[in-house]
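Following: one structure in C-alpha cells, then a few remarks.
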Amino acid sequence: MEGNTVSVDNIRPFKRVLLGLTPRLSVCICAAILVACGGGGSGGGGSSTRAPELDLAQLGLFDAESVKASVEERLERAYTGSLLPAEATIEEVHFVSQAELLRNRLFLPNLTIELDQFFSEVELSDDNENSQAIQIVLPCGYGGSVEFNGSLDSLGSGSLNLLLNDCTPLLGKDWQQIPTAFNGKGLLHIENFENKKATSVFTRITASNERYVDLVVSGYLELVGAEDYLEYHGVGVMQGSSGSGSLYFDLNYKVVTANTNTALKGRVYLGKPGYFDVVTSENTNPDYDHQPGKIEFFGSHGSSGSIEYYDDRLIKILIDQDGDQQHEHGIYVQFLDTFLREDRKSLKPIRIDELNYPPTVSPPAFLTTEVDTTEAIEVELGSFTDDDTPPSALNADIVWEVNGNPVPNQNSTTLPPGIAKKGDIVAAYSRVSDPYTVSLSEPVELLISNAPSTLVINDAPDQVISGEQLSFKALEVDPDENQDIAPTLLYGPSGAKIDSTGKVTWTPGKMLFEQSLVHFGFKSTSGETDDIKRVEVKVVSPDTAPPLVRGPITGPTSGSALFIGNFVGDSDKEILYLNRLGTISVVENRGAQPKMALSYPYGFSYPGRIRQLIPIDVDNDGIEEIYAANFHDVYLIEHFDRPAKHIIQSQENITDLTIIDADDDGEVEIYYLSSSEDGATYDLYVKEGNDGQSKLLRTGLIASNITPIIRYGNTDADSDIELVTSNGYVINAITGDIEWYFGQNFGDRRFTLADVNGDGADDILTGSGTVMQAYSVVTKTAIDMENAPSRTCDRFHPRTDDHVFVTDDCDSSFVAYHIKNSYVEEVWRLPYEHIISTRNFAIGDSDNDGVAELHWGRLHRHANNSSLVVYEAPPMAALSWEAKNNHELYAAGFANLPNNQTLPMVFSTSDDPSELFTLTNTDNFETINNFPVPNEHIRDALLADFNGDGISELAAVGRNYLFSYNLLVEDTFFSLLDRNSSPFYSYLRLIYLQNDNSPKLLNATNQEVEFIDALSGGVEITIPFSSSLNDFIVSDSSDSSKDVLLLARNDNQLEKWGISDYSSTLIESQDVNCQRVIEINVDADNSKEIICLGRKNSANKTPLIIFNDGDNGLQRVSDSYIPGQVTEVATYTDHNGKERLIASLARYVDRYSLDIESSVLAEIDPFTGSVIWESLPLTSQLNPRHFFEHSIPEKRRILFSTAREVFLIEQ
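The opening residue of the sequence shown carries number 808 in our numbering; numbering runs sequentially from there.
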C-alpha cells in the first residue's frame, strides 16, 4: 500500500497511540530553534556524532554533506583565534545562554497545540508491509503553518519532511507577548519507535521577531530513549541573518522521567581552537522558573569561565581568558527579564577587579497592614549584607510601584498620601547598591483600602451680628471620589439650614445674652465616617441689654479686696469688694442699707478663684477699671457688664501685684511677684501697659517665712519710684536695681509706706514683735519713734494724707494714728465687738455726702459668716449699716399682682431671717418683707395662685414649717404644716400641681413624697421609699388619665407612680441612674418626652437618656452624652414657640479646692447631647430649676438664679 495518504480529516485507526513519543516529536523538530530562542533543546553527552546517511535527495530538501559543509564553513569564517571572535559579540554569547537555558527550562511548550493533538490521536496501521503516507498541514497558534510530508510504517519508523511557513506558535510565558515567526526546512527520521530513537536534520530555519535580530540555525538533532528517560543529542550552527557571529554547539540534554531529573552537558565552539564545555548540576524541578545553578566553561589554551545564576534577577558571568586561573573579565546582570527586553548593545566585558559580589537584601516590611488614600504608607527597610563592600559604601532606599508602575522621586520609607487610590496595589522593594551593582529585593504588596470621607468646613466666620445672615460651606469630601456632597446638619440653632451644595445659612435673632457661642454639628451623609464636624460662631447682639445681676451683700474676703470709687459709670462712688464666695460685687450706699449687690456676672478664662483686686482709672474717663488676679492669671475688667480681658498668665504662683505709672509715660506698669518652682526665691516681673509683654525685672529674691507683698513709693526722695517687698527688698521700679536689702522681713504683719521722720521720703511702717516699727531707706536704718504704741497684732492699711490706719486684733479695736516727725499720736479708736479679725479696710465717701466713711469687713467669732461694715468717720463714729446676708439667693418666679402687674420675685435662705425680694426697677432689687418666722431657714419656695383670685401666693418650706405667704398683706402667712416634732431635715424641693379637685403641693424629702392640699395643708398621699431620692416630677407625658409621678431614686431606679383619689400605685420601674428628671417635647408632636440625666462619667460627660411614656409604658428612645458636668437642667420657649432644653455646664474647676468656678447656660440638643448655643462663662454654676420666663407684648423676661446671684434678662 505504498503511497497511501492520510489526511487530517480521514485517519484510519492505528494499532498504537503514540503517547510518550509523539509529544516529543514536535520538540525534536524545533529543539535547535529553541536554542536560538533562548530555550535550548539538544543533548548528547559531548558526542561528536554527525547526522546519519539518509535518502535526503529523494526528499528534495538537503543532504547530510551539505549540512556538514555548511557548519564547517561557518565555523571557519567565524574563527579569529580569540575566545570571543569579533563576529560573535558578547551580546550573542549571552543570548545563547540566557532566559530559559539559565533557568533549566531547556525546552519551551510544544511548537503547536494542534501538532501534539494530531500525533496523540494517530494510530499506526496494522499493515506491517506497507507504509502509511503522511501529508499534514497545520495552522500555527498566532499565524502561518507547519507542513509534514512523508510516511510511517506500522512500527512508527519513517521519515517526515518539515516545512515552516511563517509559523508563529504559542510559546512560553516569556515569549507570549512578542510573537516569533519561524521559516525553513527540515527532515525528521524516526529510526526505531520502540527504542525511542529518532534524528532530525534542519537547515536555515530562521527565527525573527521585533525584539531580537534575525537568527539562522542549521544542524541536526538526535533523540534516543528508553522506558524511563529521554536523551537529546544535537549539533548545529547559529548565526545572525547577515552571516556573522556564528556559534557551533554540540550539546546533550538528558531527562530521567521517573525522577524528573534533568542535566545538560556539551560543548560550544567559538572557532576551531576556541570552545568551552557546559556542565550543569542535576535539576530535579525542570519546570521551576527560579532554580539556581551554574554553567562552567572549559576552553582552549586553558581558558575557562562560568555562568552562575541565582534566580531570574541575578546572573554572574566570569571569564579566564589566558588560562592563568585568574578571571580577567566579568559581567553582572540584574533584572534579567527586563534586560532581555532592552537594548543590550551597551553590555561589554569589564575588568574582573571591578566585578564584586552584589549586595543581598530582604524585602521591606509594612508598618501598617491597612492603609487608605489619605494615609501615608510606611515600611521598614529590609536587612541587607555585602561580603566585599563595607557598610559605609552601601546606599539603601525603597523603590515604590503603584499597579506595576514606578513612582518617581519617592524613595524614602514613607509613601505620601494621595499617590495611591482605593483598589490600587502598592509594591515596595528594598534597594541596596554598592559602587558597581544594585540589588533589589522581592516586593511586598499592599491593597489600598477605601478612604472614609472627611467633613470640611470652608469660610465659617468667627463672629456674626444678630439680624445678619450667616453663611458658610460644609462639605463631605471623599478622597476616592471626584465629587463632594453635602453632609447632614445634625444640630444647630433654630432656623439653620443646609442645601444640596453644602451651603449653610442662618440668621440669628435676639439672643439671651449680648454675646453667645452658637454651635453647628454635621455628620456624614454617605455613612462612611462616624465623625462629627463642629463649628463654633460667636453671636453678638448689640441691642440686647446685659443681664441685671444681683447677689447678697457679704463681707469681703481677706487681702486687697475693698475699695471706694466710681465703678458703674455714673458720677457717684460705690463700694467695690471681693466677697467670700469669690464674686466681685458693687454696693451703692444711698444712706439706707441696700439689700442686694450688683455682681460681676462673668467667669474668667482660666481656673482659679480671684484673690486680689486693684481698681485704677487707666483711660482717665472717670470710671475705674478693675484688675483682678488669682494665683496664675491677671484680668482687666474694663466694663462691669462685659467679659474681662486676660492680660497675664504665669506658670508660677503670683503672690501680689501693684500698678503705677512708674515712668510717667501715661501708661501704667503692672508689677507682680511670683515664686520660683522650688519656692526658695521670688522673681519680680513688669508688664508695660495692658497689651505689652511681661519681662523679668529682678530674679532670685530670697524667700522668707511670710508670703511677700509689694508696695510702691518714693523712698529716697529722688525722681524714681521704688518697689518695697515685705521680705526686705527695696528695688528701683525703672532699672530693677536693688537699692537696699534689709536682710530680713519688714515686720511680721502688713506694712504701709508713710513719711515718718519728715525728710520728704516714704518710710516703711510696720509692726515688729511687740512694737510699731519704722525704717528709713535713705539712712538704711530703723527710725526711733516717740510715743509708738506697743502692739503685737497690728495690720497696717494704706494711709490717707498724714493718717495711718491700723487694726489691732488683740484688743479688738480699729485705730487711726497721726504720725509726723517720728512722733506717733492716736487720733481715734473704734471698738468692734464679737470680731475675730478685720478682713479689709477702705476709707472714702461711698454715700456721696461729702464726708468719708469707714468700710471694713469682719469675721464673726461664732459663725462661718462675715459682714460688710460701714461707719461714719469720727468724730461721729456711728454705725451707718452692717450687711451680713451670707445666704444664697434663688429665683421664685414671676408674681401676678393687682393691676396686671407682674414682678420677678427672689427669696433668700438665711436664719436671721429669710427674706423675699422683688425687682421694682432696673437698678436694684427691693425687699418686700422678711418672713416673720423666727429662725426659719427657707429651703424652697414657689409662686402660684392657690385660691383662684388671680393673685399669686408664695409657698415656702423651711426647717419646721410648710406655709403660704400673702404677698399683698404684710407679715401674714398661713402655716400649712407644722413639723416642730419631726423637722424637714432632709428636704428636697416643692412642686405645685393644679388638678380638677384642688391645688396640691408636693413636698419631697430624700425619704418620702407628700401630696399636700395647698389650701388646707392636709396630707392626702404619702409615698415612702427606702432609698434616697435624687429628683421627682409630675409628668404630662403619659396617655393615662391619672396623674403620673416619676421618682428618680439613688439606687438607680426610675419609678412611675399613678396618683388618683387619695391613692398611689406603682406602675413600673426602670433600671437607670437619674440625677435629674425633666419633661420636654423634643420631637414637636403633641406629647412630651422624659429626659433623664445621669451622673458624670470618668470622661467628663453627662449621660442623657430620652424615654417615651405611651401605652407600653416607659420606652427608651435614645442615649447620648452632654460634654461636661451638668449641674441642673430646665426648659424654656424660644422665639419660635418651640420648647428647648437648657443646662448649666461646669466649664472648669479650681485647681486647688476643686470648687466649680465657672459655668455656662447652654441649650442642649436632646438627641445628640450637643451644645447648640452657650453663654459666656458665668461666675458659678446655675440653678436652672429656678428658671422662669414671662412674656408680655413686645417684651420677654427671663429670671434665673445661680449658686451666688440672680439674673434678670429683658428682651
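Beta carbons are placed, not taken as given, at the ideal position from N, Cα and C, and that holds for glycine.
One question on the structure: do residue i and residue j come within less than 9 Å of each other, judged by their Cβ atoms?
i            : j            : result
residue 1578 : residue 1595 : yes
residue 1517 : residue 1464 : yes
residue 1186 : residue 1235 : yes
residue 1394 : residue 1690 : yes
residue 1308 : residue 1276 : no
residue 1929 : residue 1871 : no
residue 1947 : residue 1301 : yes
residue 1704 : residue 1714 : no
residue 1316 : residue 1744 : no
residue 1404 : residue 1418 : no
residue 1531 : residue 1548 : no
residue 1340 : residue 1268 : no
Please determine, among the options, the residue with the shortest C-alpha to C-alpha distance to residue i.
i            : options                   : result
residue 1807 : 1815, 1828 and 1497       : 1828
residue 1458 : 1451, 1409 and 1490       : 1490
residue 976  : 958, 1523, 945 and 1427   : 945
residue 1624 : 1356, 1593 and 1652       : 1593
residue 1725 : 2006, 1193 and 1173       : 2006
residue 1194 : 1526, 1240 and 1166       : 1166
residue 1815 : 1852, 1843 and 1454       : 1852
residue 1272 : 1905, 1294, 1746 and 1345 : 1345
residue 1746 : 1697, 1666 and 1785       : 1697
residue 1486 : 1208, 1570 and 1508       : 1508
residue 1498 : 1537, 1452 and 1589       : 1452
residue 1932 : 1920, 1977, 1896 and 1922 : 1977
residue 1387 : 1283, 965 and 1665        : 1665
residue 960  : 1280, 940 and 1834        : 940
Skipping 5 residues on each side, what residues in its chain have a beta carbon closer than 7 Å to that of residue i?
i            : result
residue 1181 : 1224, 1258 and 1286
residue 1902 : 1880 and 1882
residue 2022 : Because the chain here runs from 808 to 2018, residue 2022 falls outside it and cannot be looked at.
residue 1997 : 1701, 1709 and 2004
residue 1514 : 1462
residue 1993 : 1697, 1698, 2007 and 2008
residue 1869 : 1827 and 1828
Using a Cβ-Cβ cutoff of less than 8 Å, which residues in the same chain neighbour residue i once the five nearest sequence positions on both sides are dropped?
i            : result
residue 1390 : 1358, 1406, 1407, 1986, 1987, 2011 and 2012
residue 1171 : 1186, 1187, 1188, 1189, 1205, 1220, 1235, 1236, 1237, 1248 and 1251
residue 1484 : 1459
Since I believe residue j is in contact with residue i (beta carbons under 8 Å), could you give me their beta-carbon distance rounded to a whole number of angstroms?
i            : j            : result
residue 1975 : residue 1298 : 6 Å
residue 957  : residue 968  : 6 Å
residue 1469 : residue 1524 : Residue 1469 to residue 1524, Cβ: 16 Å. No contact.
residue 1809 : residue 1749 : So it is not a contact: roughly 10 Å between Cβ atoms.
residue 1535 : residue 1552 : 6 Å
residue 1369 : residue 1648 : 7 Å
residue 1379 : residue 1767 : Going by Cβ atoms, the distance from residue 1379 to residue 1767 rounds to 43 Å, so no, they are not a contact pair.
residue 1784 : residue 1758 : Not quite, the Cβ-Cβ distance comes to about 22 Å (not below 8 Å), so this is no contact.
What does a CB cutoff of less than 6 Å around residue i pick up in its chain, not counting 5 residues either side in sequence?
i            : result
residue 1628 : 1565
residue 1158 : Note that residue 1158 has pLDDT 45, beneath the 50 cutoff, so the model's placement of it is unreliable and the number below is only indicative. Answer for residue 1158: no residue qualifies.
residue 1855 : 1837, 1838, 1861, 1881 and 1884
residue 1430 : 1373 and 1376
residue 1527 : 1539 and 1541
residue 1824 : 1783 and 1784
Residue i by DSSP, collapsed to three states: which one?
i            : result
residue 1524 : coil
residue 946  : strand
residue 1199 : helix
residue 1836 : strand
residue 1394 : strand
residue 1358 : strand
residue 1275 : coil
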